[in-house]
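Read in order, the letters of the sequence shown correspond to residues 1 to 485 in full-length UniProt numbering.
C-beta: ideal position from N, C-alpha, C; glycine also.
Remember, predicted model here, so these are calculated numbers, not experimental data.
Inspection log for the structure reproduced underneath, given as structure tokens.
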Amino acid sequence: MAGCQPGNPGQNFSKNSGRAQGDSLTTITYHQKQAPLQYTTAKNTALRITPTDTLRWEAKDQPLETDICVFLDPSHQFQQIIGFGGALTDASAETLAKLPENLQDSVINAYYDPNEGIGYNFGRTNIGSCDFSSASYMYVAENDTTLSSFSVAHDQKFKIPLIKRAMAKVGKDFNLFASPWTPPAWMKDNHNILHGGHLLTKYYGLWADYLIKFIQAYHKEGIDLWGISVQNEPMANQTWESCIYTAEQERDFIKNGLGPALHKNGYQDIKLIAWDHNRDLLPQRASVLLNDPEAAKYIWGLGLHWYETWSGTKPLYENVQKVQAAFPNTHLLFTEGCQEKFDYSKINDWALGERYADNILHDLNNGITAYCDWNILLDQTGGPNHVGNFCFAPIIANIPQKELHFTNAFWYIGQFSKFIHKGARRISSTTNRSDLQVSSFINPDGTLASVVFNQTDKDISFHFWLNGQWAAAKARAHSLSTVLL
Numbered sequence: 001m002a003g004c005q006p007g008n009p010g011q012n013f014s015k016n017s018g019r020a021q022g023d024s025l026t027t028i029t030y031h032q033k034q035a036p037l038q039y040t041t042a043k044n045t046a047l048r049i050t051p052t053d054t055l056r057w058e059a060k061d062q063p064l065e066t067d068i069c070v071f072l073d074p075s076h077q078f079q080q081i082i083g084f085g086g087a088l089t090d091a092s093a094e095t096l097a098k099l100p101e102n103l104q105d106s107v108i109n110a111y112y113d114p115n116e117g118i119g120y121n122f123g124r125t126n127i128g129s130c131d132f133s134s135a136s137y138m139y140v141a142e143n144d145t146t147l148s149s150f151s152v153a154h155d156q157k158f159k160i161p162l163i164k165r166a167m168a169k170v171g172k173d174f175n176l177f178a179s180p181w182t183p184p185a186w187m188k189d190n191h192n193i194l195h196g197g198h199l200l201t202k203y204y205g206l207w208a209d210y211l212i213k214f215i216q217a218y219h220k221e222g223i224d225l226w227g228i229s230v231q232n233e234p235m236a237n238q239t240w241e242s243c244i245y246t247a248e249q250e251r252d253f254i255k256n257g258l259g260p261a262l263h264k265n266g267y268q269d270i271k272l273i274a275w276d277h278n279r280d281l282l283p284q285r286a287s288v289l290l291n292d293p294e295a296a297k298y299i300w301g302l303g304l305h306w307y308e309t310w311s312g313t314k315p316l317y318e319n320v321q322k323v324q325a326a327f328p329n330t331h332l333l334f335t336e337g338c339q340e341k342f343d344y345s346k347i348n349d350w351a352l353g354e355r356y357a358d359n360i361l362h363d364l365n366n367g368i369t370a371y372c373d374w375n376i377l378l379d380q381t382g383g384p385n386h387v388g389n390f391c392f393a394p395i396i397a398n399i400p401q402k403e404l405h406f407t408n409a410f411w412y413i414g415q416f417s418k419f420i421h422k423g424a425r426r427i428s429s430t431t432n433r434s435d436l437q438v439s440s441f442i443n444p445d446g447t448l449a450s451v452v453f454n455q456t457d458k459d460i461s462f463h464f465w466l467n468g469q470w471a472a473a474k475a476r477a478h479s480l481s482t483v484l485l
């Protein structure tokens, strides 16, 4: 969809509080649709979340082994969904501000309008600068141990206005969490906001107070945070803003610093998210943090990223399932992922979206309750990024040409976010062929949304089977479909 004109993102669309698995959840009663409708995004077609087929139920007690099926059982319900969204970073905000007003509106509507867009209701923002900032910055002056100089004036130009536009479009259902990339250099043992380093233990309390100041400052701006993570990627020593916490250090900062500070200041309802890094070390981090009752009592959930593949390993989806099984009362949520190493010539590559589909399907089936992509918008360089770590985003803005490019990652994420609503619960859904992947949900109104992924080069005809009935459907080659049943 290179060079989409304003308004085009929605042209094919129809007009239309999470808790952990261990909590008491209300079972949603299924209301069967008599004419299930399929929406499809497919390679080498113009289909972009386009209604393609109306299905018809027929009686079928027993499918054969030769019948390709997706089996649905809404009587078995699992985690409750909080939402889907992306990160509202400095880079996204600055890029949006460089666009003409009509294209700015197109971006906001494409993501956040529940009818014309893909229904985002969840988001993340950075506390202080990150790699996707034009330059490094902090909210206090050097060596200000009183924090009397604290100010979010930097954010008032671009980032806060973007957040407010998203909030205004979504309304009360919008949930935003914030993540720090680093404390000030003078609070760290390497005296540098870049290149890792550790928070000095003598500043645990002061750094916690700094984060409280951020929550309070955003409240004054009309933005009430839903959640806060302890540290972005606490095991990554990066050339950009970063800070290392071993599992024991994160545990100690939570129970001796940030957790008590949140409660003391009346913010015990703000969701505290630990880890916020890759799936590879997720089990070890969960064990250290959640087996300590003095830390665990403050932790609402664990965030995960998808970059463990840097080592050459395949995505470690099983780690998510194993942590969910071991700690069923702790939320798991996906807090960041993007395609690295931006190349403008590849913005139409179909593999961009297929990476998203594979990750989202696996993580949903393994128990995550929310999904947050990385930057919602970047420019034609894959930035701005002050250390040259240029990446893809679902929407790329060509600023000189005044064009928006909707990558297929946008449409593939939308196949989930548009149809799986806040408060939905995952249901039992399986397939008898490895060429199909599926994840299915019952929405609060009692309708089912079943997402089917075909990554092969061939069309696959199959049936949905449910309670002694089935309905014929087709998964086109290299497609992602959502069927409302």
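Query - Pro328 to Trp300 span [Cα, whole Å] - result: Residue mapping note: residue 328 aligns to position 328 of the sequence shown, counting from 1. Residue mapping note: residue 300 aligns to position 300 of the sequence shown, counting from 1. Whole-angstrom Cα-Cα distance: 12 Å.
Requested in this report: Identify, in the order they occur along the chain, each residue of the same chain with its Cβ nearer than 7 Å to the Cβ of Asn237, setting aside the five sequence neighbours on each side.
Outcome: Here residue 237 corresponds to residue number 237 of the sequence shown, with the count starting at 1. Result list for Asn237: His195, Gly196, Ile244, in chain order.
Query raised in the report: Cβ atoms of Leu352 and Thr95: under 9 Å apart, would you say?
Result: For the purposes of this step, residue 95 is taken as the residue at position 95 of the sequence shown. For the purposes of this step, residue 352 is taken as the residue at position 352 of the sequence shown. Contact: no.
Query raised in the report: So does the region 141-160 actually touch the region 81-90, counting three or more Cβ pairs closer than 8 Å?
Result: Enough Cβ pairs lie closer than 8 Å, so yes.
Report task. For the beta strand (DSSP E) holding Lys220, just list the boundary residues, first then last. Result -> The sequence position of residue 220 within the sequence shown is 220, counting from 1. First-last for Lys220: 204-220, but that is the alpha helix (DSSP H), not the beta strand (DSSP E).
Query raised in the report: Should Asn115 go down as buried or exposed, given a rule of 16 or more other Cβ atoms within 10 Å for buried?
Result: Along the sequence shown, one-based indexing puts residue 115 at 115. Around the beta-carbon of Asn115, fewer than 16 other beta-carbon atoms lie within 10 Å, marking it exposed.
Query raised in the report: Does the Cβ of Thr40 have 16 or more other Cβ atoms within 10 Å, making it buried, or fewer, making it exposed?
Result: On the sequence shown, position 40 is the one that residue 40 refers to. Classification for Thr40: buried.
Query raised in the report: If you check the beta carbons only, do Ile273 and Leu302 fall under 9 Å apart?
Result: For this step, residue 273 is matched to residue 273 along the sequence shown. For this step, residue 302 is matched to residue 302 along the sequence shown. Yes; because the gap between Cβ atoms is below 9 Å, this pair is in contact.
**Report entry** DSSP three-state assignment for Gly303, whether helix, strand or coil
**Finding:** Position 303 of the sequence shown, counting from 1, holds the residue named residue 303. If DSSP states are grouped into helix, strand and coil, Gly303 belongs with the strands.
Query raised in the report: Is it true that the CB of Tyr111 sits closer than 9 Å to the CB of Ala166?
Result: Your numbering for residue 166 matches position 166 in the sequence shown. Your numbering for residue 111 matches position 111 in the sequence shown. Going by beta carbons, Ala166 and Tyr111 fall inside the 9 Å limit.
Query raised in the report: Between Gly83 and the rest of its own chain, which residues show a CB-CB distance below 7 Å, the 5 nearest in sequence each way excluded?
Result: Residue 83 sits at position 83 when you count from the first residue of the sequence shown. Taken in chain order, the residues that qualify are Asn121, Phe122, Asn175, Ala370, Lys422.
Requested in this report: State the Cα-Cα distance for the pair His463 and Cys69, rounded to the nearest angstrom.
Outcome: Working through the sequence shown from its first residue, we reach residue 463 at position 463. Working through the sequence shown from its first residue, we reach residue 69 at position 69. Those two C-alpha atoms are separated by around 5 Å.
Requested in this report: For Gly117, name the three-state secondary structure that DSSP assigns.
Outcome: Position 117 of the sequence shown, counting from 1, holds the residue named residue 117. DSSP places Gly117 in coil when its eight states are reduced to three.
Query raised in the report: Got a sec? Which residues, its chain only, sit under 6 Å from Ala185 by beta carbon, not counting five neighbours each side?
Result: In the sequence shown, the residue the question calls residue 185 occupies position 185. So the list reads His191, Asn192, Ile193, once near-sequence residues are dropped.
**Report entry** Asp209 versus Thr330: straight-line alpha-carbon distance, rounded
**Finding:** Walking along the sequence shown from the start, residue 209 turns up at place 209. Walking along the sequence shown from the start, residue 330 turns up at place 330. Straight-line Cα distance between these residues: approximately 25 Å.
Query raised in the report: Does the beta-carbon distance from Ile368 to Val320 come in below 9 Å?
Result: Here the question's residue 368 lines up with position 368 in the sequence shown. Here the question's residue 320 lines up with position 320 in the sequence shown. A contact, by the Cβ cut-off of 9 Å.
Query raised in the report: If you follow the alpha helix (DSSP H) that Val323 is part of, which residue opens it and which one closes it?
Result: For the purposes of this step, residue 323 is identified with residue 323 of the sequence shown, where counting begins at 1. Unbroken alpha helix (DSSP H) run through Val323: 317-326.
Requested in this report: Under 8 Å Cβ to Cβ from Trp465, same chain only, skipping five residues before and after it: list those, please.
Outcome: Along the sequence shown, read from residue 1 onward, the residue named residue 465 stands at position 465. Excluding residues within five positions, the ones whose Cβ falls inside 8 Å are Lys60, Pro63, Cys69, Val70, Phe71, Leu72.
Query raised in the report: Exposed or buried, what is Ser106 when buried is set at 16 or more other beta-carbons lying within 10 Å of its beta-carbon?
Result: As a position in the sequence shown, residue 106 is number 106, starting the count at 1. Buried is the call here.
Requested in this report: Please state if the CB of Leu200 and the CB of Asp189 are separated by a distance shorter than 9 Å.
Outcome: Position 189 of the sequence shown holds residue 189. Position 200 of the sequence shown holds residue 200. Closer than 9 Å, so yes.
Query raised in the report: Does DSSP put Leu480 in a helix, in a strand, or in coil?
Result: Counting from 1 along the sequence shown, the entry for residue 480 is found at position 480. For Leu480, the three-state secondary structure derived from DSSP is strand.
Requested in this report: Would you mind reading off the limits of the alpha helix (DSSP H) that contains Glu250?
Outcome: The residue labelled residue 250 in the question sits at position 250 within the sequence shown. Residues 247-253.
**Report entry** C-alpha distance - Lys202 paired with Ser439, whole-angstrom precision
**Finding:** For the purposes of this step, residue 202 is taken as the residue at position 202 of the sequence shown. For the purposes of this step, residue 439 is taken as the residue at position 439 of the sequence shown. For the pair Lys202 and Ser439, the Cα-to-Cα distance works out to about 47 Å.
Requested in this report: For Ser479, count neighbouring C-beta atoms within 10 Å of its own C-beta (all shown protein chains included) and say buried if the count is 16 or more, exposed if not.
Outcome: Start at 1 with the first residue of the sequence shown, and residue 479 comes out as number 479. Buried, because 16 or more other Cβ atoms sit within 10 Å of the Cβ of Ser479.
Query raised in the report: By how many angstroms is the C-alpha of Ile49 removed from the C-alpha of Asn432?
Result: As a first step, residue 432 must be located in the sequence shown, where it is residue number 432. As a first step, residue 49 must be located in the sequence shown, where it is residue number 49. Their Cα atoms are separated by approximately 25 Å.
Query - DSSP three-state assignment for Tyr371, whether helix, strand or coil - result: Within the sequence shown, residue 371 is the residue found at index 371, counting from 1. Strand at Tyr371.
Query raised in the report: Sorry if obvious, but does the Cβ on Pro283 come closer than 8 Å to a heavy atom of the ligand MG?
Result: For the structure depicted, the ligand MG is absent and the ligand set is empty, with no information on it obtainable.
Requested in this report: Alpha carbon to alpha carbon, how far is Ile118 from Tyr139? Give it in angstroms, no decimals.
Outcome: Counted from its first residue, the sequence shown places residue 139 at position 139. Counted from its first residue, the sequence shown places residue 118 at position 118. Cα to Cα, Tyr139 sits roughly 34 Å from Ile118.
Query - Which listed residue (Ser461, Leu404, Ala46) has its alpha carbon closest to that of Pro100 - result: Along the sequence shown, read from residue 1 onward, the residue named residue 100 stands at position 100. Comparing Cα-Cα distances from Pro100 to each of Ser461, Leu404, Ala46, the minimum goes to Leu404.
Requested in this report: Have a look at the DSSP bridge pairing and note the partners of Phe150.
Outcome: Mapped onto the sequence shown, residue 150 falls at position 150. As DSSP reads the structure, Phe150 sits in no beta bridge.
Query - C-beta atoms of Leu211 and Ile127 nearer than 9 Å - result: One-based indexing of the sequence shown puts residue 211 at position 211. One-based indexing of the sequence shown puts residue 127 at position 127. The beta carbons of Leu211 and Ile127 sit closer together than 9 Å.
Report task. Return the CA-CA distance between Glu241 and Pro260, expressed in angstroms with no decimal places. Result -> The residue you call residue 241 lines up with position 241 of the sequence shown. The residue you call residue 260 lines up with position 260 of the sequence shown. One Cα belongs to Glu241, the other to Pro260, and the distance between them is close to 26 Å.
Query raised in the report: By Cβ distance below 6 Å, which residues in the same chain neighbour Asn389 in space, the five residues on each side in sequence not counted?
Result: Locating residue 389 in the sequence shown gives position 389, where the first residue counts as 1. Closer than 6 Å at Cβ, skipping near neighbours: Asp131.
Query - Gln437 beta carbon less than 9 Å from that of Phe453 - result: On the sequence shown, position 453 is the one that residue 453 refers to. On the sequence shown, position 437 is the one that residue 437 refers to. With a cutoff of 9 Å on beta-carbon distance, Phe453 and Gln437 are scored as near each other.
Query raised in the report: At what residue ranges does the region 348-417 contain a whole run of the alpha helix (DSSP H), taking only runs of 4 or more?
Result: For the alpha helix (DSSP H) assignment, the uninterrupted runs of no fewer than 4 residues enclosed by the region 348-417 are, from N- to C-terminal side, 351-365, 408-417.
Requested in this report: Spatial neighbours of Gln21 within its chain, please: CB distance less than 6 Å, with the 5 preceding and 5 following residues excluded, ordered by chain position.
Outcome: By 1-based counting over the sequence shown, the position of residue 21 is 21. No answer about Gln21 holds up, because its pLDDT of 47 lies below 50 and its placement is not dependable.
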